[in-house]
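Under full-length UniProt numbering, think of the first position of the sequence shown as 1, with each following residue one higher.
Backbone N, C-alpha and C fix where the C-beta goes; we use that ideal spot for every residue, glycine too.
Here's the structure we're looking at; comments come further down.
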Amino acid sequence: MRTRIISSGARSVQVLVKDDIEWESAEGLDLGAFIKVTQGYKMEFGSRLNRFAILKTPSGDSYFVWIAHHSIMDGWSFNLAFRVLHECFWDQEPAKISPYAAFIKHTMDLDHDAASSFWAKQLEGATRPSFPSTSSNTTQATFRFLHHEINTSRVSKSSVTTATVLRASWAMVLARHCNSEDVCFGATLSGRNADIEGLQNMAGPAIATIPVRVQLDYTSTVTEFLQAIQAQATDMAVYEQFGLQKIGRVSIDARNACQFSTLMIIRPRESHATVDGQMIFDISEHNTVTEDEMAHYFNYPLVLEMDLYPDHTKIRICYDEAAVSSDLAEALVHQLETVTKQLLSCASQRLDQISLVNEWDIQNALQHQKLQDSTDACIHEMIRKQIKATPDAPALTSWDGDMTYSDVGYYAEILASHLASIGVGPGVFVPINFSKSVWAVISMLAVNMAGGAFVPLDPSAPAQRQMGIIKDTKASLILTAADHERDTHDLGKKVLVIGKETILKMSKSSPKCIRSNVTFTDPSHIMFTSGSTGKPKGIVFEHRNICSTSDSHGVIQKWGPGTRVFTYSAYTFDIGVIDVMVALSRGACLCIPSEWQRYNDIHGAINAMQANWSFFTPTMAGLVNPSLIPTIKNVGLGGENVTTLVVDNWRGMQRFITSTDLLRVPFVVGSLMLELFQSQTISVFLLPRHGGL
Numbered sequence: 001m002r003t004r005i006i007s008s009g010a011r012s013v014q015v016l017v018k019d020d021i022e023w024e025s026a027e028g029l030d031l032g033a034f035i036k037v038t039q040g041y042k043m044e045f046g047s048r049l050n051r052f053a054i055l056k057t058p059s060g061d062s063y064f065v066w067i068a069h070h071s072i073m074d075g076w077s078f079n080l081a082f083r084v085l086h087e088c089f090w091d092q093e094p095a096k097i098s099p100y101a102a103f104i105k106h107t108m109d110l111d112h113d114a115a116s117s118f119w120a121k122q123l124e125g126a127t128r129p130s131f132p133s134t135s136s137n138t139t140q141a142t143f144r145f146l147h148h149e150i151n152t153s154r155v156s157k158s159s160v161t162t163a164t165v166l167r168a169s170w171a172m173v174l175a176r177h178c179n180s181e182d183v184c185f186g187a188t189l190s191g192r193n194a195d196i197e198g199l200q201n202m203a204g205p206a207i208a209t210i211p212v213r214v215q216l217d218y219t220s221t222v223t224e225f226l227q228a229i230q231a232q233a234t235d236m237a238v239y240e241q242f243g244l245q246k247i248g249r250v251s252i253d254a255r256n257a258c259q260f261s262t263l264m265i266i267r268p269r270e271s272h273a274t275v276d277g278q279m280i281f282d283i284s285e286h287n288t289v290t291e292d293e294m295a296h297y298f299n300y301p302l303v304l305e306m307d308l309y310p311d312h313t314k315i316r317i318c319y320d321e322a323a324v325s326s327d328l329a330e331a332l333v334h335q336l337e338t339v340t341k342q343l344l345s346c347a348s349q350r351l352d353q354i355s356l357v358n359e360w361d362i363q364n365a366l367q368h369q370k371l372q373d374s375t376d377a378c379i380h381e382m383i384r385k386q387i388k389a390t391p392d393a394p395a396l397t398s399w400d401g402d403m404t405y406s407d408v409g410y411y412a413e414i415l416a417s418h419l420a421s422i423g424v425g426p427g428v429f430v431p432i433n434f435s436k437s438v439w440a441v442i443s444m445l446a447v448n449m450a451g452g453a454f455v456p457l458d459p460s461a462p463a464q465r466q467m468g469i470i471k472d473t474k475a476s477l478i479l480t481a482a483d484h485e486r487d488t489h490d491l492g493k494k495v496l497v498i499g500k501e502t503i504l505k506m507s508k509s510s511p512k513c514i515r516s517n518v519t520f521t522d523p524s525h526i527m528f529t530s531g532s533t534g535k536p537k538g539i540v541f542e543h544r545n546i547c548s549t550s551d552s553h554g555v556i557q558k559w560g561p562g563t564r565v566f567t568y569s570a571y572t573f574d575i576g577v578i579d580v581m582v583a584l585s586r587g588a589c590l591c592i593p594s595e596w597q598r599y600n601d602i603h604g605a606i607n608a609m610q611a612n613w614s615f616f617t618p619t620m621a622g623l624v625n626p627s628l629i630p631t632i633k634n635v636g637l638g639g640e641n642v643t644t645l646v647v648d649n650w651r652g653m654q655r656f657i658t659s660t661d662l663l664r665v666p667f668v669v670g671s672l673m674l675e676l677f678q679s680q681t682i683s684v685f686l687l688p689r690h691g692g693l
């Protein structure tokens, strides 16, 4: 309380001044007016670093005001002082205050060589964090606050501390925003973990700021990760008083690590003791800092202050709005909470299964996404326009034949006319039972041209599943290929075998091009789920769904003339239908492998057809060697979690797009595009839901 600091050459010396306690005059001032007066106080070398006042307001309220310089007082010391004040006020035996000299001796006796060696090894290979980017603007920072509270009660049931969980959570959030598995950030610590007798009861600053370097191994489990973070904290506690400036001088890597732009401050908060239910005050709730004061207090664009309570943590994010927007600050705190929840509840889970995405992220993205209007059209009409525009362009390259757009239109129109003549129209569902084939494509398009909706069946699926789908759709007609004719007849419905010869025969009886009265709100097709949770569920897609997908997702993928899409997926998977309809509506060429090629010679099929675009599941992508298919420049992944291994395997593609489970969130609701070359840019595209989906 009586400490002053004077400058003595290159050193600062602490001086205790006898009877150096004075009360500031606050007569006639209310609390707000007095606080403004205190802003003019100078606390510098040789001046008093503690100021006190008692205010009495006209309403009878009394205030004790204490102004202290941070060079002689930290949060721990404040709590200690108020605890002693509380005990004296209630006539209790005050806690014994340990001499601060023991802490000073500890810092003076620190082995500098050992500390230098420790920090050099700890920070070897560290780089300057890229997030948030520090502004080159030299004007004074404008700080804003954001308050949030998260539940951390589960920590009491684990072997790690709350501070460890929060530090690990922030490392994971920061790693995603830095697009790196090796991140550094600052941590301001209480400094009360050193091996000094009585340190917990020393009134004086012990806080220390250190660089924290975290290298994430996404194959490790949550338990392994948290244990590593806690062990690191224990090791650093021995050398945390070495000083940030000295740490930055031990090596170039250490200097880079010390140039962090995010600072984490973790403060344990205790429940305040009461007597007969009474207490003087709770410093944790009334110790406030204004945004203007914050501009002079921190040199970092992003500061996370965390107050730890027994069952929850209060977070205050202080951010420079020139470097961090209010939306980004809000996103960060929700991502931190989301990761923390998972680290506390999923001990055996691998880090690559931890997600930052949360409800706030999704809602915010939807609110800020500029959604284009739906394409209110029929997909077969879009394809008809493409046929008219590029009749001689390649439309299908397949194991069973090639077709131009003119060929596709010719065969599809004949089949559509025949289907219409036998009752296919709006509201009629027609199952198609095909392996990969040009005639499967012709059948899909013809059913739509006739006004009906096609329903893909898997020829290799059990008859029970196929019959269940037929029953649900009330289908009376099934289209199939010659090699599946027998099995299809066993399903008990009328069967029409589709091929070149059968369609040419139809042309003699129904050669006219038909125009049904189908609208964009009518069904285009039905996709059935796998039935893994019970009975397969049918999802009806309107024409405008697939048309909107073509105009949105097709644009993102840059499909058009010159695009050669290797359509690997079976037609019973939504992407199999997307490949067909979007490619043909945008002038691309579909490259169709045989079933044998799909399973035995995918590299050969891609090269033979000169495909430059394909969509795979991550599992399949892991089995394909990109170096063996040099024509493929663009890849889409979906249906499963995309692993780091798969991303690394396909690094170098011109475009790399991942999508959600399209069938469950129709049609293409979200796509994440990663430009995996040089800039490592990541963009998120949210495409609109249309119709009733």
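Taking one C-beta from the stretch 454-468 and one from the stretch 487-498 each time, how about it: are there three or more such pairs within less than 8 Å?
With the cut-off at 8 Å, the stretch 454-468 and the stretch 487-498 touch.
Write down the C-beta distance between E68 and L80 rounded to the nearest angstrom, noting that I regard them as a contact closer than 8 Å.
The residue you asked about is not Glu; residue 68 is Ala in the sequence shown. Contact flag wrong, Cβ pair sits at about 13 Å.
In the structure shown, what three-state DSSP assignment does A175 receive?
In the structure shown, A175 falls within a helical segment according to DSSP collapsed to helix, strand and coil.
Which same chain residues end up closer than 7 Å to I383 when comparing Cβ atoms and leaving out the 5 residues on each side of it in sequence?
Around I383, the same chain offers L445, L584 and S585 as residues with beta carbons nearer than 7 Å, after the five sequence neighbours per side are excluded.
Beta-carbon proximity check, S435 vs E595, cutoff 7 Å:
The answer is yes: Cβ separation under 7 Å.
Just verifying my parser: in three-state terms, what is the DSSP assignment at G604?
Residue state, collapsed to three classes: helix.
Hey, could you find the ends of the alpha helix (DSSP H) T619 is sitting in?
That run of the alpha helix (DSSP H) goes P618 to L623.
Proximity to I470 [Cα-Cα], best of L457, S569 and A254
For the residues L457, S569 and A254, the minimum Cα distance to I470 belongs to L457.
Collapsed DSSP secondary structure at G191 in the structure displayed
Here G191 sits in coil by DSSP.
Boundaries of the alpha helix (DSSP H) in which V497 is found, first to last residue:
Per DSSP, V497 lies in no alpha helix (DSSP H); the unbroken beta strand (DSSP E) holding it starts and ends at K494 to V497.
With burial defined as no fewer than 16 other Cβ atoms inside 10 Å of the residue's Cβ, what is the status of E413: buried or exposed?
That one is buried.
In the DSSP assignment, the alpha helix (DSSP H) including H525 goes from what residue to what residue?
Per DSSP, H525 is not a residue of any alpha helix (DSSP H); the beta strand (DSSP E) it occupies stretches across P523 to F528.
For F242, count neighbouring Cβ atoms within 10 angstroms of its own Cβ and tell me buried if that reaches 16, exposed if not.
By the neighbour-count rule (16 or more Cβ atoms within 10 Å), F242 is buried.
Quick one: using the 10 Å Cβ neighbour count with 16 as the cut-off for buried, is N433 buried or exposed?
N433 comes out buried.
Limits of the alpha helix (DSSP H) - the one that G576 falls within
D574 to S585 is the extent of the alpha helix (DSSP H) around G576.
First through last residue of the beta strand (DSSP E) which encompasses S398:
Its beta strand (DSSP E) spans residues P394 to S398.
Apply the 10 Å Cβ neighbour rule to A95 and answer buried if 16 or more other Cβ atoms are within range, or exposed otherwise.
Classification for A95: exposed.
Touching by the beta-carbon criterion (3+ pairs, under 8 Å), the stretch 226-235 and the stretch 348-355:
The count of Cβ pairs closer than 8 Å, one atom from the stretch 226-235 and one from the stretch 348-355, stays below three, leaving the stretches out of contact.
By the DSSP assignment, the beta strand (DSSP E) with N151 in it spans what residues?
N151 -> beta strand (DSSP E) spans F143 to N151.
Figure out for me which residue from T390, D327 and T397 has the closest Cα to the Cα of N364.
Cα-wise, what sits closest to N364 is D327.
Measuring CA to CA, which of T3, R11, G60 and G32 is closest to D19?
The closest CA to that of D19, considering only T3, R11, G60 and G32, is found on T3.
Is D109 helix, strand or coil when you go by DSSP?
Coil at D109, not helix or strand.
If you reduce the DSSP assignment to three classes, tell me which class P626 lands in.
The answer is helix: DSSP assigns P626 an H, G or I state.
Check for me: the beta strand (DSSP E) holding Y319 runs from which residue to which?
Segment H312 to D320, the beta strand (DSSP E) holding Y319.
Run through the DSSP bridge pairs and tell me what L477 is partnered with.
DSSP, once it has assigned bridges, lists K494 as partnering L477.
Give a yes or no on whether the C-beta atoms belonging to S169 and L343 are separated by under 7 Å.
Taking C-beta atoms as the reference points, S169 and L343 count as a pair closer than 7 Å.
Assign I6 to one of three DSSP states: helix, strand, or coil.
Correct three-state label for I6: strand.
Taking all protein chains shown into account, do 16 or more other C-beta atoms lie within 10 angstroms of the C-beta of C88, making it buried, or fewer, making it exposed?
C88 counts as exposed, since fewer than 16 other C-beta atoms from the protein chains shown sit within 10 angstroms of its C-beta.
With DSSP as the reference, identify every bridge partner of C591, one or two as the case may be.
Secondary-structure assignment with DSSP links C591 through a beta bridge to T397 and F566.
Spatial distance of V214 from A171 (CA atoms)
Straight-line Cα distance between these residues: approximately 7 Å.
Going straight from the alpha carbon of G32 to that of W23, what length do you get?
Their backbone Cα atoms lie some 18 Å apart in a straight line.
Alpha-carbon spacing of T162 relative to T313, whole angstroms:
Here the alpha carbon of T162 sits roughly 9 Å from the alpha carbon of T313.
Which runs of the alpha helix (DSSP H), 4 residues or longer, sit entirely within the stretch 193-245?
DSSP runs (the alpha helix (DSSP H)) wholly in the stretch 193-245: 222-237.
Is the beta carbon of P132 sitting closer than 7 Å to the one on V333?
In this structure, V333 does not lie closer than 7 Å to P132 by Cβ.
How many whole angstroms separate the CB atoms of R316 and H147, which I take to be in contact at a CB cut-off of 8 Å?
That belief holds up - the Cβ atoms of R316 and H147 are roughly 5 Å apart, short of 8 Å.
Can you give the Cα-Cα distance for V646 and A611, rounded to whole angstroms?
V646 and A611 have their C-alpha atoms some 20 Å from each other.
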